[in-house]
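> Remember, my numbering sits 947 above the position in the sequence shown when you count from 1. One structure, as structure tokens, below. Some questions next.
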Amino acid sequence: MSIIDFISSRQSEIKEPFVGGKDLSDRKVIGIFTKLRVTEHLALCHQFSELPSIPLNHSKSIEIWNSSWITTEHLNLMKHCIVIRLNQSKLTENDMTLFLNDWKSGTFPNLQYSSTKSSLLSKTFTAFGLPSLQDTVNPQDHRRTVLGYLRSVYGSVNVQKDDGVSCCSSSFLH
């Protein structure tokens, strides 16, 4: 019996799994999320060889290191997240503009921290009429405790929704 089978035979939810490793197959990783609902923080570090089917609508916080498979449809599943952090993304400037406009209009009511690193974003990418989504003139280390973890982004800008709620956002080329 695998450790996942052992855990899932005793519970249907897990708070904070970190899923990653050289010897994990796509099938095993997807199997973890088929058997266990992640409720608090999903940390995923796995390079999928094909598009996975993973539920992204239950966690309060999602961090995906190899997120090249994430699309705007996946982002929309994360609308209840407080934290969304995506590395090695393939999201485009158009995708990020749609996401940020959705956030600003209230579609992501809980979002407090968002960081997206994408190879498809130019250094001049911006939204909301801001000159930049990165402070390159006087960059500061923005720190904020979100869900009990200190989040720090150097050179980010605070962006406000229409209702005045702010989110520390950085979207940049990596």
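All C-beta atoms in this analysis are idealised placements derived from N, C-alpha and C, irrespective of residue type, glycine included.
DSSP three-state call for Asp1088: helix, strand or coil?
Working through the sequence shown from its first residue, we reach residue 1088 at position 141. Strand, per DSSP.
> Would you mind reading off the limits of the alpha helix (DSSP H) that contains Glu1010?
Counted from its first residue, the sequence shown places residue 1010 at position 63. No alpha helix (DSSP H) contains Glu1010, which is instead part of the beta strand (DSSP E) from 1008-1011.
> For Ile1001, which residues in the same chain have their Cβ closer than 6 Å to its Cβ, ignoring the five residues on either side in sequence?
Reading the sequence shown from its first residue, position 54 is the one you call residue 1001. For Ile1001, where only same-chain residues beyond five positions count, the Cβ hits under 6 Å are Phe980.
> Using the rule of at least 16 other Cβ atoms within 10 Å of the residue's Cβ for burial, across every protein chain shown, is Gln1059 buried or exposed?
Taking the first residue of the sequence shown as position 1, residue 1059 is located at position 112. It is buried - the Cβ of Gln1059 has at least 16 other Cβ atoms within 10 Å.
> Which one of Leu1038, Lys1026, Thr1071 has the shortest CA to CA distance from Lys1051?
For the purposes of this step, residue 1051 is taken as residue 104 along the sequence shown, with counting starting at 1. Ranking the options by Cα distance to Lys1051, first place goes to Lys1026.
> Tell me which residue opens and which closes the alpha helix (DSSP H) that Ile977 is part of.
Within the sequence shown, residue 977 is the residue found at index 30, counting from 1. 973-982 is the span of the alpha helix (DSSP H), which, as asked, contains Ile977.
> Is the beta carbon of Leu1024 closer than 7 Å to that of Ile1011?
In the sequence shown, the residue the question calls residue 1011 occupies position 64. In the sequence shown, the residue the question calls residue 1024 occupies position 77. It is not a contact, given that the beta carbons lie outside the stated cut-off.
> What did DSSP end up calling Leu1058 once you bin it into helix, strand or coil?
Stepping through the sequence shown from its first residue, residue 1058 is reached at position 111. DSSP places Leu1058 in coil when its eight states are reduced to three.
> Please list, in chain order, all residues of the same chain as Arg957 whose beta carbon is under 6 Å from its beta carbon, the five residues on each side excluded.
Counted from its first residue, the sequence shown places residue 957 at position 10. Correct list: empty, nothing qualifies.
> Under a three-way DSSP split, which group does Ile1017 fall into?
Reading the sequence shown from its first residue, position 70 is the one you call residue 1017. Coil.
> Checking the sheet assignment: what are the DSSP bridge partners for Phe953?
Locating residue 953 in the sequence shown gives position 6, where the first residue counts as 1. Beta-bridge pairing links Phe953 to no other residue.
> What is the DSSP secondary structure of Lys1026, counted as helix, strand or coil?
Along the sequence shown, read from residue 1 onward, the residue named residue 1026 stands at position 79. Correct three-state label for Lys1026: coil.
> State buried or exposed for Arg974, treating a residue as buried only when at least 16 other CB atoms are found within 10 Å of its CB.
As a position in the sequence shown, residue 974 is number 27, starting the count at 1. Flag for Arg974 reads exposed.
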